[in-house]
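Q: First the structure, then my questions, so here it is.
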Amino acid sequence: MIKPKFTLSLNNISFLNTDLEYKIHSYGLKVLPYGVIDKGSQNTTVYFQNIQFNQMIDSVREFLNKKNEEEFIEIFWSDSNKYSIQCKVSIALKHLDDIANEDWDFWIFGANWAIEYYHEKCLSYFENCSVNYLS
6 MIKPKFTLSL NNISFLNTDL EYKIHSYGLK VLPYGVIDKG SQNTTVYFQN
56 IQFNQMIDSV REFLNKKNEE EFIEIFWSDS NKYSIQCKVS IALKHLDDIA
106 NEDWDFWIFG ANWAIEYYHE KCLSYFENCS VNYLS
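As structure tokens, then:
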């Protein structure tokens with residue numbers, strides 16, 4: 006497994022090997038055949054198409070700034086050979102550009118919410134998810 010590049014100098018994160026599709030399903034969300042979360046979900050609160058990179062960063066930063074900085078989150082990338090990471094919201098805010106530049110797509114999962122950025126310039130927020138860790 007590959008560690009995300011920007012994490013090599015950080016010591017306040019955990020590397021995980023959680024399956025992304027499992028994680029998405031555990032939040033009560035569905036995955037479309039091409040690997041993105043189904044926007045038809047009742048939990049989709051905001052959806053942007055053709056969003057520019059800087060707008061996406063600003064939007065995600067604004068969303069995360071409303072969360073508790075001490076909340077633990079999990080971050081995934083589309084490269085299945087890359088570890089996902091667990092860190093606090095404060096770390097994600099500090100390294101948001103690095104997170105977004107690490108791979109084509111990324112997902113961030115909080116206590117009962119998720120963010121998805123898909124490389125076709127689509128940004129989605131899912132809130133009030135019913136988290137059910139599947140066995």
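Under my numbering, the first residue of the sequence shown is numbered 6, with each subsequent residue one higher.
From the three backbone atoms N, C-alpha and C, an ideal C-beta is built for every residue, glycine too.
1. Pick helix, strand or coil for residue 140, following the three-state DSSP scheme.
2. For a test of the three-state rule: what should DSSP assign to residue 93, helix, strand or coil?
3. I need the straight-line Cα distance from residue 18 to residue 93, nearest angstrom please.
4. Using the C-alpha atoms, what's the distance from residue 113 back to residue 73?
5. Below 8 Å, can you find three or more Cβ-Cβ pairs linking the segment 52-63 to the segment 75-85?
A: Reading from the atomic positions:
1. The count along the sequence shown starts at 1 and reaches residue 140 at position 135. Low confidence applies here, because residue 140 scores a pLDDT of 44, under 50, leaving its location unreliable; read the following figure in that light. Coil at residue 140, not helix or strand.
2. Against the sequence shown, residue 93 aligns to sequence position 88. DSSP places residue 93 in strand when its eight states are reduced to three.
3. Sequence index remark: in the sequence shown, residue 18 carries index 13 (1-based). Sequence index remark: in the sequence shown, residue 93 carries index 88 (1-based). Roughly 8 Å separates the two Cα atoms.
4. As a working note, residue 73 is residue 68 in the sequence shown. As a working note, residue 113 is residue 108 in the sequence shown. Distance between the alpha carbons of residue 73 and residue 113 is about 14 Å.
5. Of all C-beta pairs linking the segment 52-63 to the segment 75-85, fewer than three are shorter than 8 Å, placing the two stretches out of contact.
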